[in-house]
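**Q**
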Amino acid sequence: MGTIDTSEFRKKAKIIFEGQPWIIVENDFVKPGKGQAFNRTKIKNLLTGRVLDKTFKSGETFEEADISTVSMQYLYSDGARYTFMNTQNYEQIEISGEVMEDASPWILENAVCEVMFWGEKVIGVVPPTFVDLVVTYTEPAVRGDTANNVTKKAKMETGAEINVPFFIESGMKLKIDTRTGEYLQRSS
Amino acid sequence: MTWIAAQKRAAILHKIRDFFASRGVVEVETPILSHASSIDRHLDVFRAEYSPLAGAPAEKRVGVYHRTSPEFHMKRLLAAGYGDIYQIGKVFRNAELGRLHNPEFTMLEWYRTGWDMEALITETVACITAVLGEKKIVRTSYAQAFIEAIGIDPLCASVEEVTTACEARGLSAPRFATLTDALQFAMATIVEPSLPGDAVVVISHFPADQAVLAVIDGNDPRTARRFEVYGGSIELANGFEELGDARENERRQKEENTFRQSLGREILPLDRLFLAALAEGFPACSGVALGLDRLVMLALGQESVEAVLTFPWNRS
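Top line first, the protein sequences correspond to chains F and W. All residue numbers for the first sequence refer to the working numbering, where the first residue is 1 and numbers rise by one. All residue numbers for the second sequence refer to the working numbering, where the first residue is 1 and numbers rise by one.
1) Can you check DSSP and say which residues form a bridge with W/GLU49?
2) DSSP on F/TYR90, reduced to helix/strand/coil?
3) On the DSSP letters alone, give me the boundaries of the beta strand (DSSP E) that F/LEU174 sits inside.
4) Hey, would you say F/ARG81 sits closer than 7 Å to F/GLU94, going by beta carbons?
5) Tell whether a beta-carbon distance below 7 Å holds between W/ARG225 and W/VAL215.
6) Once DSSP output is grouped into helix, strand and coil, what is the label at F/SER170?
7) Using 10 angstroms around the beta-carbon of W/ILE267, count the other beta-carbons present and answer buried if the total reaches 16, otherwise exposed.
8) If I measure Cβ to Cβ from W/ILE147 and keep anything under 7 Å in the same chain, skipping five residues before and after, which residues do I get?
9) Determine which residues of the region 45-63 of chain F have a Cβ less than 9 Å from any Cβ of chain W, and write them out in chain order.
10) Taking one C-beta from the region 98-106 of chain F and one from the region 33-42 of chain F each time, how about it: are there three or more such pairs within less than 8 Å?
11) Below 8 Å, how does it come out for the region 163-175 of chain F and the region 134-142 of chain F: are there three or more Cβ pairs, yes or no?
12) Identify, in the order they occur along the chain, each residue of the same chain with its Cβ nearer than 6 Å to the Cβ of W/SER194, setting aside the five sequence neighbours on each side.
13) Could you check which residue in W/LYS75, W/ALA48, W/GLY133 has the C-alpha nearest to that of W/ALA276?
14) Beta-carbon of F/GLY19 versus every beta-carbon of chain W: anything under 7 Å?
15) Tell me whether F/ASP28 sits in a helix, a strand or coil according to DSSP, three-state version.
16) Out of curiosity, what's the CA-to-CA distance linking W/LEU43 and W/GLU96?
17) According to DSSP, is W/LYS369 part of a helix, a strand, or is it coil?
18) With H, G and I counted as helix, E and B as strand and the rest as coil, what does DSSP make of W/ARG139?
19) Give a yes or no on whether 7 Å exceeds the smallest Cβ distance from F/GLY35 to chain W.
20) Please list, in chain order, the chain A residues whose beta carbon lies closer than 8 Å to that of W/ARG99.
21) So W/ALA72 contacts chain F; which residues on that side make the cut at Cβ distance below 7 Å?
22) One question on the structure: do F/PHE62 and F/ILE4 come within less than 7 Å of each other, judged by their Cβ atoms?
23) Identify every run of the alpha helix (DSSP H) within the region 246-276 of chain W, keeping only runs that are complete inside it and at least 4 residues long; order them along the chain.
24) Hey, W/PHE274 and W/GLY244: beta-carbon distance below 7 Å or not?
25) Does the beta carbon of F/PHE9 sit closer than 7 Å to a beta carbon anywhere in chain W?
26) Could you tell me which residues DSSP pairs with W/PRO31 in its beta bridges?
27) If you measure from the beta carbon of W/PRO312 to each beta carbon in chain F, is any gap under 7 Å?
28) Identify the residues that DSSP records as bridge partners of F/THR151: which are they?
29) Fully enclosed by the region 55-142 of chain W, which alpha helix (DSSP H) runs are 4 residues long or longer?
30) Would you identify the three-state DSSP class for F/LYS54, choosing helix, strand or coil?
31) Just checking: is the beta-carbon of W/GLN261 within a distance shorter than 7 Å of some beta-carbon in chain F?
32) Kindly indicate which residue of W/SER38, W/GLY83, W/HIS14 has the alpha-carbon position closest to the one of W/ARG252.
33) If the cut is a Cβ gap below 7 Å, which residues of chain W does F/ARG81 touch?
34) Roughly how many angstroms separate the alpha carbons of W/VAL28 and W/LEU300, rounded to a whole number?
35) With DSSP as the reference, identify every bridge partner of F/GLN36, one or two as the case may be.
36) So, is the C-beta of F/PRO105 closer than 7 Å to a C-beta in chain W?
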């Protein structure tokens, strides 16, 4: 991988900082008319998700982080580990439950996810943006609870719990936005 | 820039020219390309070449600089006996690109003969509010602004104290070579963002080490008669009660070159025409430079100078 200097900081640029891979979330070039230049940034650690405010002197250089994403299909899980298959070359890999933490509430077998690698190491899994899941349990609607914007909890087949409108019943299939975990509509 | 923004920008330029015309300040134009550049430790210049003949060999071509400000030419006019003058024109600064920076931008710069810093501060604020409308005005000193924002007096602080104060605010500060570096970092990352967003803020009496070309204050020689004006936390203008002494000008410029060398920047030639003009006699005066694109940006409620430029850098 090459190097990145502060003038090449963009949103989503990935750098190695203190031995770990970080992504630039925000970058502001700051320079008093008569003073030295800085880059005021917000960076996110791609291993821990920790977000840090960090100001660099303009001109500092960093090793570019070798981050790649591969489309992979989720096959099955033994509870602790998740097995995925590369949809291009059919190779299979196992991903730990820890790395799956954000994705596992949203995916069923055969879901195609974006798996993020740092070199050879899997560091994150992004589920499909929209998923269709069946409600396994939700309280039956009660007459009178028809006011707008009133919601209740529903447990989905993956184990995720989300807020849904009152008219939703167990057994219905719902479309969900996995970025926010919000109910969008009934699946057609 | 949208058509509506372009019309508003033109109206602001008109208003500024009216402002100066009504005060008897005369608009001038000075060269954009120059044989010498002003010398600032932290400014990178654009170079160009004059060729006496089409296709002249390298040894006959002459290197010239794009101005980083019209300061030296305007001061030469003052030394030649001109009265109060202003200029609206493009200036060029390399390696500066961001939300509030475009490598070529429009500067409004003016000089008032016989005026001290206080008088020019008043007029600078009047010019800004003529464009932005009535605003709360906050007047403070560099030391006071620091004490309020980080509890440290910049006039007697150490590099370590400033670094510690930055880190205490969750900022991982770089390693600073000098107190000035540390202060500028704290200024840009803590003090400026803490300034009231709805006010026009004047900060005067910068530390003597950041005097640039301002005179040292007679009452407190630790400070210089230099001021900056902010629109909220955005730097708009930088002004000096001007240093007229030719020898001291030369000394400070050589010092800037020494800093440039230590920072890995090229040594720039001294502007002998400028220094000679000062030596012939320079009137007591104060001058200020104001980033016009930023002022227009604030007047139009925009977040970035891109919104008030017809073709920002990446599409120029």
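Where is the CB? At the ideal position from N, CA and C, for every residue including glycine. All of these numbers come straight from a predicted model, not from anything done at the bench.
**A** With the given structure in hand:
1) W/GLY63
2) coil
3) Membership of F/LEU174 in the beta strand (DSSP E) is indicated by the continuous run 173-177.
4) yes
5) With contacts defined by Cβ atoms closer than 7 Å, W/ARG225 and W/VAL215 form a contacting pair.
6) coil
7) Under the 10 Å beta carbon count, W/ILE267 is surrounded by fewer than 16 other beta carbons and is classified as exposed.
8) ASP153
9) Flagged, chain order: LEU52, ASP53, LYS54, THR55, PHE56, LYS57, SER58, GLY59, GLU60.
10) no
11) yes
12) The residues are ALA149.
13) W/LYS75
14) no
15) strand
16) W/LEU43 and W/GLU96 have their C-alpha atoms some 9 Å from each other.
17) Any question about residue 369 of chain W goes unanswered here, given that chain W covers just 1 to 316.
18) strand
19) yes
20) This model lacks chain A altogether, as its protein chains are F and W.
21) Residue identity differs from the one stated: residue 72 of chain W is Phe in this sequence, not Ala. In chain order: nothing, as chain F lies at least about 15 Å away.
22) yes
23) 246-262
24) no
25) no
26) In the DSSP assignment, W/PRO31 is bridged to no other residue.
27) no
28) Note: F/THR151 sits in a beta bridge opposite F/PRO165.
29) 71-79, 117-132
30) strand
31) no
32) Comparing Cα positions, the closest option is W/SER38.
33) Neighbours of F/ARG81 on chain W: none; closest Cβ ~36 Å, over 7 Å.
34) 27 Å
35) The secondary-structure analysis by DSSP pairs F/GLN36 with nothing; it has no beta-bridge partner.
36) no
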